[in-house]
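**Q** Pasting a structure here, questions to come.
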Amino acid sequence: MQTINLSKILKNFSSGWVAITSDYKKVVASGKTLKEVTQKVLQQKRDDVILIPASKNYRGFVTSV
């Protein structure tokens, strides 16, 4: 599994949820709840996103695609 450093694109998000593109290069939506972010993604008609919880520290965070 490849290690991906998300600290640059997620530095402005410390709580709630974010949606990032599947290439890990851009945040396309953010919000306080998963439901809020999901609605924003659906409005944009995007299907190339990864939803993750925002945190002050992503050390040790593991996700799969």
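Here this note's numbering is used: the first residue of the sequence shown is 9, the next is one more, and so on.
Just so it is clear, CB atoms sit at the ideal spot from N, CA and C, and this is done for glycine as well.
Figure out for me which residue from T41, V49 and K33 has the closest Cα to the Cα of S23.
**A** Within the sequence shown, numbered from 1, the residue matching residue 23 stands at position 15. Checked all of T41, V49 and K33; the closest Cα to S23 is T41.
**Q** Less than 8 Å between C-beta atoms, sequence neighbours within five positions excluded: which residues of the same chain meet that for V45?
**A** Along the sequence shown, one-based indexing puts residue 45 at 37. For V45, where only same-chain residues beyond five positions count, the Cβ hits under 8 Å are G24, W25, V26, A27, A37, S38, G39 and L59.
**Q** Please work out which residues of its chain come closer than 7 Å, Cβ to Cβ, to I12, disregarding the five sequence neighbours upstream and downstream, and give them in chain order.
**A** Here residue 12 corresponds to residue number 4 of the sequence shown, with the count starting at 1. Contacts found: Y32.
**Q** Distance, Cα to Cα, Q47 vs F21?
**A** As a first step, residue 47 is located in the sequence shown; it is residue number 39 there, counting from the start. As a first step, residue 21 is located in the sequence shown; it is residue number 13 there, counting from the start. Approximately 18 Å, taken between the alpha carbons.
**Q** Return yes when the Cβ of V57 is within less than 8 Å of the Cβ of S15, no when it is not.
**A** As a first step, residue 15 is located in the sequence shown; it is residue number 7 there, counting from the start. As a first step, residue 57 is located in the sequence shown; it is residue number 49 there, counting from the start. No, these two residues do not count as a Cβ contact at 8 Å.
**Q** Sorted by chain position, which residues of the same chain lie with C-beta nearer than 6 Å to I17's C-beta, five sequence neighbours on each side aside?
**A** Counted from its first residue, the sequence shown places residue 17 at position 9. V35, listed in sequence order.
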